[in-house]
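Structure record follows, encoded as structure tokens.
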Amino acid sequence: MVYPRFLCKDLRVFTKAIVRPPAANFAEGLTTADLGVPNFERALTQHEAYCAALEQCGLTVTRLAADPRHPDSTFVEDAAIFFGALPHGRVSALVSEPARPLPQAVLTRPGAPSRRGEVESMREVLVDFAPSPGEIQSPGTLDGGDVCEAGNHFFVGLSERTNEVGAQQLAELLAQFGYTSSFVDSRGLSGMESVPGALATGSHLLHLKSGLAFLGENRLAVVEALANRAEFAGYDLILVDSAEEYAANCVLINDRVLVAAGYPAFESKLRALGYQTIALEMSEFQKMDGGLSCLSLRF
Ligand code: CIR
Numbered sequence: 175m176v177y178p179r180f181l182c183k184d185l186r187v188f189t190k191a192i193v194r195p196p197a198a199n200f201a202e203g204l205t206t207a208d209l210g211v212p213n214f215e216r217a218l219t220q221h222e223a224y225c226a227a228l229e230q231c232g233l234t235v236t237r238l239a240a241d242p243r244h245p246d247s248t249f250v251e252d253a254a255i256f257f258g259a260l261p262h263g264r265v266s267a268l269v270s271e272p273a274r275p276l277p278q279a280v281l282t283r284p285g286a287p288s289r290r291g292e293v294e295s296m297r298e299v300l301v302d303f304a305p306s307p308g309e310i311q312s313p314g315t316l317d318g319g320d321v322c323e324a325g326n327h328f329f330v331g332l333s334e335r336t337n338e339v340g341a342q343q344l345a346e347l348l349a350q351f352g353y354t355s356s357f358v359d360s361r362g363l364s365g366m367e368s369v370p371g372a373l374a375t376g377s378h379l380l381h382l383k384s385g386l387a388f389l390g391e392n393r394l395a396v397v398e399a400l401a402n403r404a405e406f407a408g409y410d411l412i413l414v415d416s417a418e419e420y421a422a423n424c425v426l427i428n429d430r431v432l433v434a435a436g437y438p439a440f441e442s443k444l445r446a447l448g449y450q451t452i453a454l455e456m457s458e459f460q461k462m463d464g465g466l467s468c469l470s471l472r473f
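Residue numbers (the numbering used here): 175 to 473.
Here it is as structure tokens:
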């Protein structure tokens, strides 16, 4: 039997997403990008288009209230991680068992002190979705942007935001649910060029998922700086051209892939492989070092 792409055994089926629109003081968040000050109205418009795309992918979207106490709080992905409750076997679960298990979640401990308060707001939100979340504890730090689910394996980036203690705590929590993990040290990467499509950070990856995305079917989109890592041996790599590095942060949701608009070579590669893409304008979030994945929690 041939299953549609979104029922492939290494893929999760997503039904919900949590987002938080940017607050009016969004430009006061952290950034290393030298791309100018974001325009708030344009950011709201881009965020609304992003939510519409999630709905187009079949997700029910919960929109939280904007939170001006935390200017980076629109990047909800960094405050929590969601994963399935069971080791996968998702196809058989879907085909034969209509009842779906509750999602599991972990509250993170963001590496940037200015973002730690976002977790307390997220704790209140999770009550409705994953009532007993695990939690990263001090001295561990971990940002959701460093956590890349690839079927029943997780790649966890060691970055300026995520330390070994936090990564190890997450690996232990995930192992309780049958997932394996490996760590990918993305600190000190260099060689990325300062061209418009290069990562906003210019010379380094803020998070692992700034340069890596899992696209199901054993495929990873990767920037050149990560392409030769032993951790990714055995995967089919879709290389993101150096002029289009920002596009690596794409998001597979059921049978579609959200991609940043303006990166035609990468989008063409995906389409040639049979993916249906939805291109979204991200300019205002890119100015704050944000990418597509960080604007939502999907489960
Ligand atoms: C920060 O520096 O924390 C935010 N301005 C951007 C976070 C982007 N998050 C992500 O890529 N997961």
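The beta-carbon is built from N, C-alpha and C at its ideal position, and this holds for glycine as well.
query, result
"Return the chain-ordered list of same chain residues with a C-beta closer than 6 Å to the C-beta of F256, the five sequence neighbours on each side being excluded.", "P277, A279, L471, F473"
"Which class does A434 belong to by DSSP, given the choice of helix, strand or coil?", "strand"
"Three or more C-beta pairs closer than 8 Å, one from the segment 185-201 and one from the segment 228-236: is that the case here?", "yes"
"Note down, in chain order, each residue of its chain lying with its Cβ closer than 7 Å to the Cβ of V299, except the 5 sequence neighbours on either side.", "I192, L238"
"If distances are taken between C-alpha atoms only, which option among V433, R289, L466, N326 comes closest to R391?", "For the record, residue 391 in the displayed sequence is Glu; it is not Arg. That would be N326, whose Cα lies nearest to the Cα of E391."
"What number of angstroms, rounded off, separates the C-alpha of L413 from the C-alpha of S295?", "37 Å"
"Which value, in whole angstroms, describes the spacing of the CA atoms of H221 and E346?", "34 Å"
"Looking at the strands, I want to know which residues DSSP matches up with K190.", "T234"
"Thinking just about the alpha-carbon of each residue, which of N423, V425, L389 is nearest to the one in D410?", "L389"
"So is V425 buried or exposed if we call it buried at 16+ other beta carbons inside 10 Å?", "buried"
"Comparing the CB of H381 with every heavy atom of the ligand CIR, is any distance shorter than 6 Å?", "yes"
"Which of the three DSSP states is assigned to L332 in this structure?", "strand"
"Which same chain residues, not among the five before or five after Q450, have their C-beta less than 8 Å away from its C-beta?", "D429, R430, V431"
"What does a CB cutoff of less than 7 Å around G365 pick up in its chain, not counting 5 residues either side in sequence?", "Annotation note: pLDDT 43 at G365 (below 50); position unreliable, coordinate value reported separately. The answer, listed in chain order, is A399."
"Could you check if R251 belongs to the surroundings of the ligand CIR, using beta carbon to heavy atom distance under 6 Å?", "One point to set straight first is that residue 251 is Glu, not Arg, in the sequence displayed. E251 Cβ: within cutoff of the ligand CIR."
"Can you tell me which of G340, L209, Y224 puts its alpha carbon nearest to the alpha carbon of G314?", "G340"
"So A207 is in the beta strand (DSSP E); what residue range does that whole segment cover?", "Careful: A207 lies outside any beta strand (DSSP E) and carries neither H nor E."
"I believe H381 touches D317 by the beta-carbon criterion, under 8 Å. Please report the beta-carbon distance rounded to the nearest angstrom.", "6 Å"
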